[in-house]
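Step one of this worksheet: look at the structure below.
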Amino acid sequence: MARIRRSAVATVGAPALVAVVGGCSDIRNEIDAERRAHPGPSSPPPSFPAPSSSPAPATPSYRAPADPRPTEDLGPRPWEATGPGPCLASGVSFGHGPVDAAMGHRAVEIELMNCGKRPYRVNGYPEIGVLDEDREPLALKLTHGNAYTDASRDQGPKPLTLAPGESVRSVLHWNNRITDMAAHDSGAYVVIATAAGEERSTLPLPVDVGTSDELDVTAWATGPAPRPN
């Protein structure tokens, strides 16, 4: 009797399994048919930028101003050459060349030009004074004949006549070496006259005289001294 019950159970279960499987198939078919009857909106395929043959330029981290400020013209520096200054009432003007510095020595040419309409006569040494930044005079000892180079040796006083537009030169020398711990003032201007008592002119010129406090001045000359034989 027990065998007959197990067989009956197995026989009843088989049709039920077939019905479940068949039911799932029918539901899937209905869903597919519904999708075909009412299709939804299709999404466009994603788009990507086309590859570039060259890399994009990098953005600079600094941009110059569109309208940069113009560079201010400060004019010539005092140690550079300055052209002849204003023409004085006496008919002369003064200027100086660049400061030549080597081995602790300084040298600069002072130029005197006849800017008038008549001949101008000179003879001897210029009158030279030095002022500090506050335009206070420095106590310096003026010497003659202590040139440091042959080209700027003192040629001594001699009378010279300058036609309008012609010029003569005098050379200033000094030593800027400091050999003690004392304070030393430096000059910022030179005061020049053709000779003592003549009309003066002031030029910006750094004069860093050292411990000696000496300034050597050559006589007016039309050119450098010839080299000694």
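In this note's numbering, the protein residues as written are 93 to 321. Positions of the beta carbon are idealized from the N, C-alpha and C atoms, including for glycine. Remember, predicted model here, so these are calculated numbers, not experimental data.
Other residues of its chain near S185: CB distance less than 7 Å, five sequence neighbours each side excluded: Residue mapping note: residue 185 aligns to position 93 of the sequence shown, counting from 1. Correct list, in chain order: P176, G177, P178, C179, M205 and C207.
Alpha-carbon spacing of L264 relative to A311, whole angstroms: Position 172 of the sequence shown, counted from the first residue, corresponds to residue 264. Position 219 of the sequence shown, counted from the first residue, corresponds to residue 311. Answer to the nearest angstrom: the Cα atoms are 10 Å apart.
Taking the straight line between their C-alpha atoms, what separation do you get for V283 and E219? For the purposes of this step, residue 283 is taken as residue 191 along the sequence shown, with counting starting at 1. For the purposes of this step, residue 219 is taken as residue 127 along the sequence shown, with counting starting at 1. If I take the Cα positions, the gap works out to 8 Å.
Status (buried if at least 16 other CB within 10 Å, exposed otherwise) for G237: As a position in the sequence shown, residue 237 is number 145, starting the count at 1. Classification of G237: exposed, given that the 10 Å Cβ count is below 16.
Could you tell me whether the stretch 217–231 touches the stretch 286–305, using the rule of 3 or more Cβ pairs below 8 Å? yes
Using DSSP bridges, identify the partner residues of R213. Against the sequence shown, residue 213 aligns to sequence position 121. Per DSSP, T253.
Can you name, in chain order, every residue of its own chain whose Cβ lies under 8 Å from the Cβ of V301, other than the five neighbours on each side? Working through the sequence shown from its first residue, we reach residue 301 at position 209. Cβ within range, chain order: V222, L230, L232, W266, N267, N268, H276, S278, G279 and L307.
Near R213, what residues of its chain come up, given a Cβ to Cβ distance below 8 Å and the 5 sequence neighbours on each side ignored? Taking the sequence shown and counting its residues from 1, one reaches residue 213 at position 121. Once the five neighbours on either side are set aside, the close Cβ partners of R213 are P251, L252, T253 and L254.
Check P296 in the structure and name its three-state DSSP category. Translated into the one-based positions of the sequence shown, residue 296 becomes position 204. P296 falls in the strand class under three-state DSSP.
Apart from the five residues on each side of it in sequence, which residues of its chain come closer than 8 Å, Cβ to Cβ, to A181? As a first step, residue 181 must be located in the sequence shown, where it is residue number 89. Only E291 meet the Cβ criterion.
Does the beta-carbon of R227 have 16 or more other beta-carbons within 10 angstroms, so that it is buried, or is it exposed? For the purposes of this step, residue 227 is taken as the residue at position 135 of the sequence shown. Classification for R227: exposed.
When we look at the beta-carbon of E203 and count the other beta-carbons within 10 Å, is it buried (16 or more) or exposed? Reading the sequence shown from its first residue, position 111 is the one you call residue 203. Buried, because 16 or more other Cβ atoms sit within 10 Å of the Cβ of E203.
V260 vs A193 beta-carbon contact at 8 Å: The residue given as residue 260 occupies position 168 in the sequence shown. The residue given as residue 193 occupies position 101 in the sequence shown. No.
How would you write the range of the beta strand (DSSP E) that M273 sits in, first residue to last? Locating residue 273 in the sequence shown gives position 181, counting from the first residue. No beta strand (DSSP E) contains M273, which DSSP labels as neither H nor E.
If you reduce the DSSP assignment to three classes, tell me which class H236 lands in. For the purposes of this step, residue 236 is identified with residue 144 of the sequence shown, where counting begins at 1. Note: H236 maps to coil in three-state DSSP.
Measuring CA to CA, which of M273, E201 and K209 is closest to G187? Here residue 187 is taken as the residue at index 95 of the sequence shown, counted from 1. It is E201 whose Cα lies nearest to the Cα of G187.
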